[in-house]
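S.K.: Residue numbers (full-length UniProt numbering): 1 to 144.
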């Protein structure tokens with residue numbers, strides 16, 4: 001898995017993926033505080049576990065990355081790329097999932113820091129930054 005990520009993404013994208021896997025994001029849930037989903041879906045709280053199921057994030061992933069959201073029972077594992085439904089040589093899938101995690105990480109951090117930008121807009125900006133971080137990544141995902 002990590003070879004697929006590191007081959008087609010920059011170090012900052014790779015780091016966001018690793019931090020998500022080890023639950024290293026500074027979400028309100030992890031800090032034992034309650035806060036609603038920062039994307040405004042109204043169905044969950046600020047946590048990695050919720051973002052795997054978030055309908056707003058799922059729509060962004062589908063529209064911007066061409067990712068289909070799996071059945072609810074496996075979403076968290078697939079969101080974190082721990083239980084992929086593909087073969088390892090599908091680098092495009094790895095790269096798109098890594099960008100999903102990176103953009104989510106950056107957008108939620110921006111919202112928590114009070115940068116005043118709509119979280120969905122911040123996600124799209126972070127997606128563009130992540131895709132631009134490697135020259136071949138935009139071509140690979142076909143959406144940059």
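Built from N, CA and C at the ideal position, the CB exists for glycine as well. Every value quoted in this text rests on a predicted model; they were computed, and no experiment measured them.
1. Does the region 35 to 55 come close enough to the region 125 to 132 that 3 or more CB-CB pairs lie under 8 Å?
2. So, with DSSP's three-state summary, where would you put residue 62?
3. With DSSP run on the structure shown, which of helix, strand or coil describes residue 36?
4. Give a yes or no on whether the C-beta atoms belonging to residue 48 and residue 20 are separated by under 8 Å.
5. If we count the other Cβ atoms within 10 Å of its Cβ and call it buried at 16 or more, is residue 154 buried or exposed?
6. Might you give, ordered along the chain, the residues of its own chain that have their beta carbon closer than 7 Å to the beta carbon of residue 127, omitting 5 neighbours on each side?
7. Roughly how many angstroms separate the alpha carbons of residue 10 and residue 68, rounded to a whole number?
8. Does the distance from the CB of residue 60 to the CB of residue 123 come in under 8 Å?
9. Could you check what DSSP says for residue 49 in three-state terms: helix, strand or coil?
10. Report the rounded CA-to-CA distance for residue 43 versus residue 35, giving the unit in angstroms.
11. For residue 107, which residues from the same chain have a beta carbon less than 6 Å from its beta carbon, with the 5 sequence-adjacent residues on both sides left out?
12. Report the residue from 82, 75, 58 and 12 whose alpha carbon sits nearest the alpha carbon of residue 40.
M.R.: A quick look at the data gives this:
1. no
2. Working through the chain shown from its first residue, we reach residue 62 at position 62. The answer is helix: DSSP assigns residue 62 an H, G or I state.
3. Working through the chain shown from its first residue, we reach residue 36 at position 36. Three-state result, residue 36: strand.
4. Against the chain shown, residue 48 aligns to sequence position 48. Against the chain shown, residue 20 aligns to sequence position 20. For residue 48 and residue 20, yes; Cβs fall inside 8 Å.
5. Residue 154 lies beyond the residue range present for the chain, which begins at 1 and ends at 144; the question has no answer from this structure.
6. Within the chain shown, numbered from 1, the residue matching residue 127 stands at position 127. So the list reads 64, 99 and 103, once near-sequence residues are dropped.
7. Your numbering for residue 10 matches position 10 in the chain shown. Your numbering for residue 68 matches position 68 in the chain shown. Cα to Cα, the separation comes out at about 23 Å.
8. Working through the chain shown from its first residue, we reach residue 60 at position 60. Working through the chain shown from its first residue, we reach residue 123 at position 123. The Cβ atoms of residue 60 and residue 123 lie closer than 8 Å to each other.
9. In the chain shown, the residue the question calls residue 49 occupies position 49. Note: residue 49 maps to helix in three-state DSSP.
10. Taking the chain shown and counting its residues from 1, one reaches residue 43 at position 43. Taking the chain shown and counting its residues from 1, one reaches residue 35 at position 35. Answer to the nearest angstrom: the Cα atoms are 11 Å apart.
11. Taking the first residue of the chain shown as position 1, residue 107 is located at position 107. So the qualifying residues of the chain are 119, 122, 123 and 126.
12. Along the chain shown, read from residue 1 onward, the residue named residue 40 stands at position 40. Of 82, 75, 58 and 12, the residue nearest in Cα terms is 58.
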